[in-house]
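Chemist: A single structure is presented below for examination.
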DNA sequence: CACTATTAGTGTCTCTAGGATACTATCTAT
DNA sequence: ATAGATAGTATCCTAGAGACACTAATAGTG
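Protein chains in written order, with the numbering used here: chain C, 36 to 289; chain H, 36 to 289.
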């Protein structure tokens, strides 16, 4: 199975063990390196993930890590897949497609909540790691009972996961505003808001100005965030339902 | 109007001219710096945008740029807004919401095509530059004739622009595969694909494996890309229509 | 048991970047 | 003319990614 040649990158992503057992035994493995990097990112954000810091948290030197990851960029890819984590068991089983797709999206959103820095990673093409593939697979499976063809299913998955990601990015952006240690930050924030209000002139930006004036952007608490997320999600699901040509009511189990 | 205090960052974003005319006159201005940076990114990607390189392309020194941009990060924000460009005239005028929203999305996608690196920028909160606000305003205006409330309109805009962005990211990822100078690259690509096909085992990933086997992912030409984009876009518009509770047929002009 | 190929880990160097600081240059208002 | 203000420069520092040549530790083999 792994006798064939395989790009080293992929072998690391899929944790294919090396077949040779000669030479000095390794003290680490890809998994531990990646776990350390993920932990670092969870604690201090993606910017804190540097080879020196990861090495320090593992008690080695920077250069030793290159035995396990190839490059910083590859480390990010590995982190991405690792942070995705396995597909939760709650997604298995059957049910109407709409419910399954909704659950899939919510679990996906939960992943972003656990690892907010995931939203900062620039996407590197289609999923290629075991966890990424597993999520993809589960998403496809949620649509098994629908008449959609492959292209459509892939399209729906791209759409939904793109939505979840941008929602996470937005939430992250809003949360960033809440940081800083208070007074100074708050004052700057207020000044910023006031300046914006002055800049968005009703003559030039009628609708945006009306929106600002309406105060609909004011309370951006966590509660509101969830509601907004639901709004977009259900809207997308409505779109899927329209494509299917039937309402997402009870159906024969997949 | 600009007599009030205003954060320097915002003043630069909105190109508010300084009121003082004393001292040595500047040879550059924010606009030229940003344009140079955008040109660089267009030619060589976002990674090529470094202060030294931008400075060189303008015939100055790195440190001179700090008179105009404050920080690298701010430069990216300025580039973002500048690259958005003004809202095209074709979006003004009236028409049914669905058509207007569709046009808005397509024009937005065209922006990403002109400046692919835009998809690599991590979003820094809601739009705050003149162009960003103008696009936002235009998006809102497209929904004027609908009964949606402000929250819903904002939600739709977030959803749609998130979709456009992730579609651009995907296209970018696929295009990246086409790069390299040929043979070597192609061989690596093929090997990668074959390895992936082996790794996605039908027992473990039944739906994903079936998808791979179906060959639905094969031809990823530009043509297909457009079609995929339309699919998601129309799906979202269907969702909006469902929210409105009416089909997007002809309506009283906004 | 010794030896050697093989793999793991280290020390050091280079390149590049962002940014701080202290400086010089050039202008305008008075 | 000159003082104050603004533009631009030279030099330094910190930090990260990665190359390279090295040393260290092990397992199979004779």
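Each residue gets a CB set at the ideal place from its N, CA and C atoms; glycine is no exception.
All values reported here derive from a predicted model rather than from experimental measurement.
1. Check whether the Cβ atoms of residue 270 of chain H and residue 267 of chain C sit closer than 9 Å, and answer yes or no.
2. Can you check whether the CB of residue 230 of chain C is closer than 9 Å to the CB of residue 237 of chain C?
3. Report buried or exposed for residue 121 of chain H, applying the criterion of at least 16 other Cβ atoms within 10 angstroms of its Cβ.
4. Looking only at C-alpha atoms, which of C:70, C:107, C:77 and C:143 sits nearest to residue 87 of chain C?
5. When the distance is taken between beta carbons, is residue 92 of chain C closer than 9 Å to residue 71 of chain C?
6. Threshold first: 4 residues or longer. Then list the alpha helix (DSSP H) segments lying entirely within the region 54 to 136 of chain C, N to C.
7. Using a C-beta to C-beta distance shorter than 8 Å, which residues of chain C count as neighbours of residue 122 of chain H?
8. In angstroms, rounded to a whole number, what distance separates the CA positions of residue 73 of chain H and residue 114 of chain H?
9. Return no unless some Cβ of chain C is closer than 9 Å to the Cβ of residue 197 of chain H.
10. Please classify residue 157 of chain C as buried or exposed, where buried requires at least 16 neighbouring CB atoms within 10 angstroms.
11. Could you give the DSSP three-state label for residue 139 of chain H: helix, strand or coil?
12. How should residue 54 of chain H be labelled, buried or exposed, when 16 other C-beta atoms within 10 angstroms of its C-beta is the threshold for buried?
13. Between the Cα of residue 155 of chain C and those of C:182, C:260 and C:207, spot the shortest distance and give me the residue it belongs to.
14. Exposed or buried, what is residue 162 of chain C when buried is set at 16 or more other beta-carbons lying within 10 Å of its beta-carbon?
15. Where residue 310 of chain C and residue 168 of chain C are concerned, what is the direct C-alpha to C-alpha distance, given to the nearest angstrom?
16. Which of helix, strand or coil does DSSP assign to residue 247 of chain C?
17. So which residues of chain C does residue 23 of chain H contact, with C-beta pairs closer than 7 Å?
18. Going straight from the alpha carbon of residue 49 of chain H to that of residue 136 of chain H, what length do you get?
19. Check the Cβ of residue 201 of chain H against every Cβ in chain C and list those closer than 9 Å, keeping chain order.
20. Please name the residue, chosen from H:170, H:152 and H:64, that lies closest to residue 235 of chain C on a Cα-to-Cα basis.
21. Against chain H, with Cβ distances strictly below 9 Å, would residue 204 of chain C count as a contact?
22. Considering only residues of the same chain and omitting the five flanking positions on each side of residue 175 of chain H, which have a CB-CB separation below 6 Å?
23. Name the chain C residues whose beta carbon is nearer than 9 Å to that of residue 261 of chain H?
24. Secondary structure at residue 183 of chain H, three-state DSSP: helix, strand or coil?
25. Using beta-carbon positions only, say whether residue 203 of chain C and residue 147 of chain C come within less than 9 Å of one another.
26. Whole angstroms are fine: how far does the CA of residue 248 of chain H sit from the CA of residue 180 of chain C?
27. Closer than 6 Å by C-beta to residue 140 of chain H: which residues in its own chain qualify, once you throw out the five before and the five after it? Chain order, please.
28. Which whole-angstrom value describes the C-beta separation of residue 226 of chain H and residue 42 of chain C, a residue pair presumed to lie in contact below a C-beta threshold of 8 Å?
Modeler: Answer, in terms of the structure:
1. no
2. no
3. exposed
4. C:107
5. yes
6. 65 to 79, 86 to 93, 97 to 104 and 107 to 119
7. Residues of chain C passing the Cβ test: none, with the nearest at roughly 10 Å.
8. 6 Å
9. yes
10. exposed
11. helix
12. exposed
13. C:207
14. buried
15. With chain C running from 36 to 289 in the structure shown, residue 310 of chain C is simply not present.
16. helix
17. There is no way to answer for residue 23 of chain H, as the model of chain H reaches only from 36 to 289.
18. 26 Å
19. 158, 193, 194, 196, 197, 198, 200 and 201
20. H:170
21. yes
22. 188
23. By Cβ distance, chain C contributes nothing, its closest Cβ being about 13 Å from residue 261 of chain H, past 9 Å.
24. coil
25. yes
26. 19 Å
27. 195, 199 and 268
28. 6 Å
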